[in-house]
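Please read the structure below before turning to the comments.
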Ligand code: ADP
Ligand code: ADP
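Numbering (full-length UniProt numbering), first residue to last: 2 to 235.
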């Protein structure tokens, strides 16, 4: 089943005289349970593509369907409700709130939706168990390592069971050991929890964790690679 269907989108910045075609006709789709990477050099349009899919930015033309819903036609409060319910985000800089514990950070997506406290606790505990961060739930971000913070951020992206998880350079701020741990936990969530993930990166090692990689340059997809079971080298 298709979770994401990107149909011939374009995104232009600037005016007629100095037009930047950040996205120049891109189409692809992502099925439920896929882990897709989008890889390309700086300035190739990765952030713009992700921003259009995450409803932060508007496409100039074309359509984006998420769970059969055309997000390019949504407005205002519909958009924010859609983002809250259907999408999960993993950012490069974690975006954890410093004044909240790990538990509270993870729970936020649920408490905003007025989920019952007992249910919030059950859901947070389940996702924490899967990501092996049960022992940091009562800590504040400044008390956690980079890898722990990133896994708390992953837990927050997942706790409301979104249709699609979007990750923007998730390893960009991590050393190689923490990167590996984060990518392994993302892989686990994908394999064991059937989470659908789209990840944008310029880093080949990071991209190698995706099952399918779309290569983008100058706002276009120019190649696509499917990873075999054992092509990744340690
Ligand atoms: P990255 O390479 O990590 O994707 P960029 O430096 O390309 O980051 O972009 C960071 C942010 O700045 C993005 O939100 C992007 O939309 C914005 N941005 C990039 N280029 C420009 C530009 N020429 N003018 C205005 N904003 C830009
Ligand atoms: P990447 O994420 O791959 O580094 P971006 O999506 O940030 O690429 O940028 C793609 C192109 O669009 C670049 O030429 C960038 O300068 C331009 N761009 C991105 N955001 C803006 C913006 N807000 N205003 C003008 N140009 C932008």
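Positions of the beta carbon are idealized from the N, C-alpha and C atoms, including for glycine.
Measure how close the beta-carbons of residue i and residue j come, nearest whole angstrom, since I'm counting them as under 8 angstroms.
| i | j | result |
| --- | --- | --- |
| residue 31 | residue 37 | 5 angstroms |
| residue 151 | residue 179 | 7 angstroms |
| residue 198 | residue 187 | 6 angstroms |
| residue 29 | residue 215 | 6 angstroms |
| residue 190 | residue 67 | With 8 angstroms as the limit, residue 190 and residue 67 do not qualify as a contact, their Cβ atoms being about 18 angstroms apart. |
| residue 94 | residue 174 | 6 angstroms |
| residue 26 | residue 218 | So it is not a contact: roughly 13 angstroms between Cβ atoms. |
| residue 149 | residue 137 | 5 angstroms |
| residue 62 | residue 10 | 7 angstroms |
| residue 56 | residue 85 | Actually they are not in contact, since the Cβ atoms of residue 56 and residue 85 sit about 11 angstroms apart, beyond 8 angstroms. |
Taking C-alpha atoms, which residue in the options lies nearest to residue i?
| i | options | result |
| --- | --- | --- |
| residue 96 | 176, 215 and 107 | 107 |
| residue 228 | 222, 206 and 221 | 206 |
| residue 23 | 141, 181 and 42 | 42 |
| residue 143 | 164, 103, 223 and 87 | 103 |
| residue 88 | 136, 168 and 50 | 168 |
| residue 200 | 138, 171 and 65 | 171 |
| residue 160 | 130, 66, 44 and 220 | 130 |
| residue 3 | 70, 48, 13 and 21 | 70 |
| residue 8 | 192, 111 and 64 | 64 |
| residue 52 | 79, 114 and 92 | 92 |
| residue 163 | 185, 44, 195 and 184 | 195 |
Less than 7 angstroms between the CB of residue i and some heavy atom of ligand 2, yes or no?
| i | result |
| --- | --- |
| residue 255 | Because residue 255 is not part of the residues shown, which for the chain are 2 to 235, the question remains open. |
| residue 45 | yes |
| residue 23 | yes |
| residue 56 | no |
| residue 16 | no |
| residue 48 | yes |
Starting from residue i, trace the alpha helix (DSSP H) both ways and give me its first and last residue.
| i | result |
| --- | --- |
| residue 72 | Counting along the chain, residue 72 falls outside any alpha helix (DSSP H), and DSSP gives it neither H nor E. |
| residue 190 | 177 to 194 |
| residue 106 | 103 to 112 |
| residue 207 | 205 to 208 |
| residue 116 | Note, residue 116: premise wrong, no alpha helix (DSSP H); not H, not E. |
| residue 221 | Careful: residue 221 lies outside any alpha helix (DSSP H), inside the beta strand (DSSP E) at 221 to 227. |
| residue 140 | Counting along the chain, residue 140 falls outside any alpha helix (DSSP H), and DSSP gives it neither H nor E. |
| residue 48 | 47 to 54 |
Starting from residue i, trace the beta strand (DSSP E) both ways and give me its first and last residue.
| i | result |
| --- | --- |
| residue 63 | 62 to 67 |
| residue 5 | 3 to 15 |
| residue 150 | From DSSP, residue 150 is part of no beta strand (DSSP E) but of the alpha helix (DSSP H) over 147 to 159. |
| residue 23 | 20 to 32 |
| residue 172 | Counting along the chain, residue 172 falls outside any beta strand (DSSP E), and DSSP gives it neither H nor E. |
| residue 59 | Premise fails: residue 59 is in no beta strand (DSSP E) and is neither H nor E. |
| residue 92 | Counting along the chain, residue 92 falls outside any beta strand (DSSP E), and DSSP gives it neither H nor E. |
| residue 198 | 198 to 202 |
| residue 215 | 213 to 218 |
| residue 38 | 36 to 40 |
Kindly indicate if chain C contains any beta-carbon less than 8 angstroms away from that of residue i.
| i | result |
| --- | --- |
| residue 33 | Annotation note: the requested chain C is absent from the structure, which comprises a single protein chain. |
Inter-stretch contact at 8 angstroms, needing at least 3 Cβ pairs: the stretch 115 to 131 / the stretch 64 to 76: no
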